[in-house]
Amino acid sequence: MLQVKKLTLTHKKDLRVILEDFGLVLNKGDKAVIIGEEGNGKSTLMKWIYDPTLIEDYVEASGVRITGNERLGYLPQEMSEKDKRKTVYEYFSENELLWNKTPKELSLIAGKFGMTNAFFYSDQEMGSLSGGEKVKAQLMRLLLQDVTVLLLDEPSNDIDIATLETLEKTINDWEGILLFISHDETLIEHTANMVIHIEQIARKTKARYTIARLPYRRYVEERLHKFNRQEQQALNDRREKRLRDEKYRRVTQSVQNALENCSRQAPSVGKNLKDKMHTVKSMARRFEKEDENMTEMPEQEEAIYFKLGDKSAHIPAGKTVIEYALSQLMTPDGERLLAKDIALKIRGAKKICIVGANGAGKSTLLRKIAKELLSRNDIQAEYMPQDYEDMLNLDMSPVDYLDSSGDKEERTKIRTYLGSLKYTGDEMDHPIRELSGGQKAKVLLLKMSLSGANVLVLDEPTRNFSPLSGPVIRKMLREFPGAIISISHDRKYIDEVCDQIYELNGEGLKLLDRK
3 MLQVKKLTLT HKKDLRVILE DFGLVLNKGD KAVIIGEEGN GKSTLMKWIY
53 DPTLIEDYVE ASGVRITGNE RLGYLPQEMS EKDKRKTVYE YFSENELLWN
103 KTPKELSLIA GKFGMTNAFF YSDQEMGSLS GGEKVKAQLM RLLLQDVTVL
153 LLDEPSNDID IATLETLEKT INDWEGILLF ISHDETLIEH TANMVIHIEQ
203 IARKTKARYT IARLPYRRYV EERLHKFNRQ EQQALNDRRE KRLRDEKYRR
253 VTQSVQNALE NCSRQAPSVG KNLKDKMHTV KSMARRFEKE DENMTEMPEQ
303 EEAIYFKLGD KSAHIPAGKT VIEYALSQLM TPDGERLLAK DIALKIRGAK
353 KICIVGANGA GKSTLLRKIA KELLSRNDIQ AEYMPQDYED MLNLDMSPVD
403 YLDSSGDKEE RTKIRTYLGS LKYTGDEMDH PIRELSGGQK AKVLLLKMSL
453 SGANVLVLDE PTRNFSPLSG PVIRKMLREF PGAIISISHD RKYIDEVCDQ
503 IYELNGEGLK LLDRK
């Protein structure tokens with residue numbers, strides 16, 4: 003059993019309460035997903051559960067963590083710089099259990115993730131692996147360890163669809179306790195039997211959490227039903243209150259007028275009116291008590307929304323967005339051939355997605371495509387890389403990064419937009435490096451919106467958005483009037499947004515049949 007008692011987490015910089023009086027009990031067989039909007043403290047909670055010292059620099063924590071005889075294994079959202087500098091062999095050989103496994107056992111673990119036994123002994127640096135390969139390596143090392151609790155922070159990031167399906171099976175087959183964070187709605191729907199929902203309501207001034215021992219889709223449906231039912235009851239209560247108050251006002255006014263016009267020669271009538279006014283005032287006190295028990299209007303953390311592109315971003319159907327050819331796609335260091343005879347032609351406002359196995363060279367190809375499109379004068383292209391830090395100045399605040407003129411009116415507009423994306427005033431002025439992955443992604447999306455781009459080049463555009471924001475992000479991208487060239491392993495994004503799917507393999511790009 004893993005237990006948390008009366009945990010309160012407070013951000014040291016702006017004193018914002020992330021979690022308050024949080025309690026949780028996880029037992030063998032629980033597969034719990036933590037959900038919530040970007041910046042709500044999901045990763046912070048998981049770090050604290052694994053090792054409270056991991057958050058000491060930026061969060062004040064009070065509470066009790068009971069692990070008993072459980073042995074915890076943790077997959078962080080971002081690999082440490084220290085681990086990135088290790089070779090794959092060094093990364094695995096640090097774990098003594100590697101030497102207690104037979105070649106057959108190692109092959110079984112490697113085979114689960116589409117790797118060979120030789121991967122464990124590779125002299126390639128961890129930092130040079132693709133995003134998906136890094137996640138695979140971390141998951142493989144966890145499976146080599148004798149742990150009873152798996153804590154996985156975004157295990158679905160960057161892994162290909164085949165590996166996603168393997169991850170689903172790994173989670174479903176895990177017999178111990180499993181706690182994970184993911185933005186992949188399909189993965190959550192297929193695996194989680196418990197939901198931990200962290201919210202920041204009342205303009206991020208109040209922390210709230212919900213724990214439901216329900217599958218994710220049922221939780222979302224019941225949450226919406228409960229919200230709508232409470233909202234309707236609250237509206238009915240308020241409507242009845244208005245009718246009651248209006249009736250009370252008329253009665254009070256009538257008695258008051260009668261008292262004022264009552265003749266002093268009719269004392270018995272005056273006494274009756276005073277008694278009636280006393281009764282009316284008693285009714286007012288009773289109404290006040292009734293109002294204290296009136297159904298409250300429900301609060302929930304609204305998903306973000308803003309329009310991505312306007313009419314000026316429209317691309318005519320006959321416009322050639324790109325006609326790209328590449329005889330050889332090499333790794334960035336030029337040492338390995340990834341694919342050959344690549345050809346891609348896009349006309350009009352098509353939305354395409356490139357899929358393929360991890361390490362196939364998708365991000366390498368997309369960078370080359372982005373470089374060509376960004377140099378064009380006949381289109382306005384914007385690029386969102388997989389690693390946001392390639393595009394962001396981490397020392398700047400979101401407002402400073404997005405401000406191109408220094409004009410007061412523009413800065414006010416930027417703050418308004420950031421507010422609609424659920425940034426607090428403090429977060430608008432924080433250095434970007436202190437923001438969550440999803441908040442950084444919002445900055446880039448807003449930059450694209452403000453730029454007037456009509457072509458978007460996106461590497462895993464939905465990877466850092468919560469499952470509750472996911473439908474909104476997909477709607478924004480689906481309604482974008484320009485063209486989108488993207489990479490994604492998000493199955494809902496592929497189904498709902500993309501017109502054409504291309505698979506990258508050693509022989510080039512192949513257009514897949516959507517049937």
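The sequence shown begins at 3 in our numbering and counts up one residue at a time. Even glycine gets a Cβ: it sits at the ideal position worked out from N, Cα and C. Predicted model only: the values in this text are computed from it and were never measured.
Three-state class that DSSP yields for residue i in the structure shown
i: glycine 510; result: strand
i: threonine 89; result: strand
i: threonine 281; result: helix
i: methionine 142; result: helix
i: valine 519; result: Because the chain spans 3 through 517 in this model, residue 519 falls outside it and cannot be assessed.
i: glutamine 382; result: coil
i: leucine 460; result: strand
i: tyrosine 221; result: helix
i: phenylalanine 482; result: coil
i: glycine 43; result: coil
i: isoleucine 348; result: strand
i: aspartate 175; result: helix
i: aspartate 343; result: strand
i: lysine 494; result: helix
i: methionine 196; result: strand
i: glutamine 255; result: helix
i: threonine 30; result: In the sequence as presented, threonine is not what sits at residue 30; that position holds lysine. Note: lysine 30 maps to coil in three-state DSSP.
i: isoleucine 317; result: coil
i: glycine 25; result: strand
i: phenylalanine 121; result: helix
i: methionine 522; result: Nothing can be reported for residue 522: it is not among the residues displayed for the chain, which extend from 3 to 517.
i: glycine 65; result: strand
i: glutamine 502; result: strand
Spatial distance of residue i from residue j (CA atoms)
i: methionine 285; j: lysine 249; result: 12 angstroms
i: glycine 65; j: tryptophan 50; result: 10 angstroms
i: lysine 342; j: lysine 370; result: 14 angstroms
i: methionine 81; j: threonine 426; result: 28 angstroms
i: isoleucine 2; j: leucine 340; result: No statement about residue 2 is possible, as the shown extent of the chain runs from 3 to 517 and does not include it.
i: serine 488; j: glutamine 5; result: 41 angstroms
i: tyrosine 91; j: isoleucine 111; result: 15 angstroms
i: isoleucine 289; j: valine 253; result: Rather than isoleucine, the amino acid found at residue 289 in this sequence is phenylalanine. If you take the alpha carbons of phenylalanine 289 and valine 253, they lie about 14 angstroms apart.
i: leucine 144; j: threonine 366; result: 28 angstroms
i: phenylalanine 121; j: arginine 349; result: 41 angstroms
i: lysine 415; j: leucine 452; result: 10 angstroms
i: threonine 118; j: glycine 363; result: 19 angstroms
i: alanine 351; j: glutamate 481; result: 11 angstroms
i: glycine 472; j: serine 438; result: 16 angstroms
i: glycine 311; j: serine 184; result: 28 angstroms
i: glycine 320; j: alanine 327; result: 20 angstroms
i: threonine 207; j: isoleucine 324; result: 47 angstroms
i: valine 137; j: leucine 77; result: 8 angstroms
i: isoleucine 503; j: lysine 353; result: 9 angstroms
i: leucine 21; j: leucine 47; result: 8 angstroms
i: tyrosine 60; j: glycine 43; result: 12 angstroms
i: arginine 231; j: lysine 33; result: 29 angstroms
i: phenylalanine 24; j: lysine 347; result: 53 angstroms
i: arginine 518; j: aspartate 53; result: The chain is shown from 3 up to 517; residue 518 falls before or after that span and cannot be answered.
Close-in-space but distant-in-sequence residues of the same chain around residue i (CB under 6 angstroms, 5 per side omitted)
i: threonine 12; result: Val19, Glu62
i: aspartate 431; result: Ser399
i: valine 149; result: Arg73, Gly75
i: leucine 396; result: Ile434, Arg435
Own chain partners of residue i with C-beta closer than 8 angstroms, once the 5 adjacent residues on each side are dropped
i: arginine 476; result: Thr464, Lys494, Tyr495, Glu498, Val499
Residue i burial status per 10 Å Cβ neighbour count (16 or more: buried)
i: alanine 315; result: buried
i: histidine 491; result: buried
i: asparagine 159; result: buried
i: proline 157; result: buried
i: glutamate 98; result: exposed
i: proline 217; result: buried
i: glutamine 234; result: exposed
i: glycine 133; result: buried
i: aspartate 85; result: buried
i: valine 35; result: buried
i: histidine 227; result: exposed
i: leucine 331; result: buried
i: aspartate 186; result: buried
- [ ] Could you tell me whether the segment 396-407 touches the segment 442-456, using the rule of 3 or more Cβ pairs below 8 angstroms?
- [x] Taking 8 angstroms as the limit for Cβ pairs, the verdict is that the segment 442-456 does touch the segment 396-407.
- [ ] Decide if the segment 275-282 is in contact with the segment 250-259; the criterion is three or more beta carbon pairs, one per stretch, under 8 angstroms apart.
- [x] Yes: the two stretches touch, three or more of their Cβ pairs being nearer than 8 angstroms.
Open item on the list: Quick check: the segment 458-471 against the segment 31-42, are at least 3 beta-carbon pairs closer than 8 angstroms?
Closed with: The segment 31-42 is in contact with the segment 458-471.
TODO: Please determine if the segment 118-131 and the segment 151-161 are in contact, where contact requires at least 3 C-beta pairs separated by less than 8 angstroms.
DONE: Flag = no, the segment 118-131 and the segment 151-161 do not touch.
Task: the segment 171-186 in contact with the segment 95-107 per 3-pair CB rule at 8 angstroms - done: Short answer: they don't touch.
Open item on the list: Three or more C-beta pairs under 8 angstroms: does that hold for the segment 380-387 against the segment 451-461?
Closed with: Yes, the segment 380-387 touches the segment 451-461.
Open item on the list: Count Cβ pairs between the segment 164-175 and the segment 191-200 that sit closer than 8 angstroms; are there 3 or more?
Closed with: Result yes; three or more Cβ-Cβ pairs closer than 8 angstroms.
Open item on the list: Quick check: the segment 343-359 against the segment 505-517, are at least 3 beta-carbon pairs closer than 8 angstroms?
Closed with: Enough Cβ pairs lie closer than 8 angstroms, so yes.
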